[in-house]
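What follows is a single structure, written as structure tokens, with notes after it.
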Amino acid sequence: MRASEILQFNGDTREAADGIARHVHAIIRVARMALENETSGDFQHREAYVADALEIAECLMDIVSDGVEGLARETKRGTWRRFYGEDAA
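Under my numbering, the first residue of the sequence shown carries the number 8, and numbering increases by one thereafter.
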């Protein structure tokens, strides 16, 4: 099962974006530390664990991106206006 299937998010992405972004930051830090740690198993196992962690982080960042875009639309700010031809007013 892929991480995107596990992480089905049904909440308000605008409210969750900040908290999820902090979790993603922690996941990436742990993945980096796992790669740097040479005392915990062989490299192939560590590499597989890091790949799984980064896949989850990527899925979580999709939620964050949706939330940030929602907030930008609410406040009529952001670069999304250029792509969709919407006016800031």
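We treat Cβ as the ideally placed atom computed from N, Cα and C, and that holds for glycine.
Residue i - containing alpha helix (DSSP H), residue span
{"i": "Ser47", "result": "Careful: Ser47 lies outside any alpha helix (DSSP H) and carries neither H nor E."}
Exposed unless 16 or more other CB atoms sit within 10 angstroms - verdict on residue i
{"i": "Leu67", "result": "buried"}
{"i": "Thr82", "result": "exposed"}
{"i": "Ala95", "result": "With a pLDDT of 47 at Ala95, under the threshold of 50, the predicted position of this residue should be treated as unreliable, though the coordinate-derived value follows. When all chains shown are included, Ala95 counts as exposed."}
{"i": "Thr20", "result": "buried"}
Short Cβ contact (9 Å threshold) for residue i with residue j
{"i": "Ile27", "j": "Val71", "result": "yes"}
{"i": "Ala55", "j": "Ala38", "result": "no"}
{"i": "Gly74", "j": "Ala41", "result": "no"}
{"i": "Ala64", "j": "Val31", "result": "yes"}
{"i": "Asn44", "j": "Arg36", "result": "no"}
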